[in-house]
Amino acid sequence: FLYLNDAETLIVKIMPGPTYETATRELVHIVRMKVEVMGLRRGLCDVGSATYSGAASQKEADSAIRPTALRPLETDWPTVVFECGVSESLQRLRTDSNWWLANSAHDIKIVLLIAVNKLQRKIHLEQWEDLTVPNPHITRNNPNPLLIRPTKVNEINLDGGTITGTPLMLPFAKIFLRPAGPGEGDIVLSAQDL
Numbered sequence: 752f753l754y755l756n757d758a759e760t761l762i763v764k765i766m767p768g769p770t771y772e773t774a775t776r777e778l779v780h781i782v783r784m785k786v787e788v789m790g791l792r793r794g795l796c797d798v799g800s801a802t803y804s805g806a807a808s809q810k811e812a813d814s815a816i817r818p819t820a821l822r823p824l825e826t827d828w829p830t831v832v833f834e835c836g837v838s839e840s841l842q843r844l845r846t847d848s849n850w851w852l853a854n855s856a857h858d859i860k861i862v863l864l865i866a867v868n869k870l871q872r873k874i875h876l877e878q879w880e881d882l883t884v885p886n887p888h889i890t891r892n893n894p895n896p897l898l899i900r901p902t903k904v905n906e907i908n909l910d911g912g913t914i915t916g917t918p919l920m921l922p923f924a925k926i927f928l929r930p931a932g933p934g935e936g937d938i939v940l941s942a943q944d945l
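Right, here's the structure in full:
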């Protein structure tokens, strides 16, 4: 859901069945399995669909995870958010991604979007992150040569038995907020994983 404080308006996203819940849960499960192989079983907290407050609104993710060591409090923002919807709502999912990245003051590092088309047996994944990019509109009022912009860094399509765009690579440092140690590394989801 999304709650707009000033307008006192609640926008509810109704998931049209267990397929969408399963898609989110499976992706979170795969990520957690990869983390466990690194010996970090308790390194991530699955905060599920907890509600977070932005400047003028509140939002609930389909699922989210945060590192337990560096963000131990219930009120801490997650580092990875998962949002799922039907393929027709991809633009809405992208809007959700922007909300998470902006309202967390860039505390959220990765947003994974999952668009499911059950009838056509297709799944579309997008990975969004805040990236520092050149400012195309430098002015006296905005002299900074760089700005932070939500950017799609990967796109994967699962169409029946065909998968394009893999692997899905989640940078360790963005998830755990620290460099990888021995036996640790980026979380890589191959076509076989997906």
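Following my numbering, the numbering of the sequence shown begins with 752 at its first residue and continues without gaps.
All residues carry an ideal CB built from backbone N, CA and C; glycine is no exception.
- Task: Could you name each continuous alpha helix (DSSP H) segment of 4 residues or more that falls completely within the region 805-860, going from the start of the chain to the end?
- Result: Runs found: 841-854.
- Message: For Gln878, count the other beta carbons within 10 Å of its own beta carbon; 16 or more makes it buried, fewer makes it exposed. Which is it?
- Response: It is buried - the Cβ of Gln878 has at least 16 other Cβ atoms within 10 Å.
- Contact check, Asn908 vs Thr915 under 8 Å by CB: the rounded distance? At roughly 5 Å, the Cβ-Cβ gap stays under 8 Å, so Asn908 and Thr915 are in contact.
- Per DSSP, Lys873 is paired with what? In DSSP, Lys873 forms a bridge with Asn868, Asp910.
- With distances taken between CB atoms, is the gap from Phe927 to Gly805 smaller than 8 Å? Phe927 places its beta carbon 8 Å or farther from that of Gly805.
- So, is Ser941 buried or exposed, given that buried needs 16 or more other C-beta atoms within 10 angstroms? Answer is exposed; the Cβ neighbour count stays below 16.
- State the DSSP-derived secondary structure class of Val884, mapped to helix, strand or coil. Here Val884 sits in strand by DSSP.
- Task: In angstroms with no decimal places, state the Cα-to-Cα distance between Trp850 and Pro887.
- Result: In a straight line, the C-alpha of Trp850 is about 22 Å away from that of Pro887.
- Spatial neighbours of Asp827 in its chain, beta-carbon cut-off 7 Å, leaving aside the 5 residues before and after: For Asp827, where only same-chain residues beyond five positions count, the Cβ hits under 7 Å are Arg817.
- Task: With Ile938 as the anchor, note down where its beta strand (DSSP E) starts and where it stops.
- Result: Unbroken beta strand (DSSP E) run through Ile938: 938-940.
- Task: Would you kindly work out how many angstroms separate the C-alpha atoms of Val786 and Leu919, rounded to a whole number?
- Result: Cα-Cα distance, rounded: 14 Å.
- Roughly how many angstroms separate the alpha carbons of Leu882 and Ala853, rounded to a whole number? Distance from the CA atom of Leu882 to the CA atom of Ala853, rounded to whole angstroms, is 12 Å.
- Can you give the beta carbon distance from Val862 to Ser848, rounded, assuming they're within the 8 Å contact cut? Indeed they touch by this definition, with Cβ atoms about 4 Å apart.
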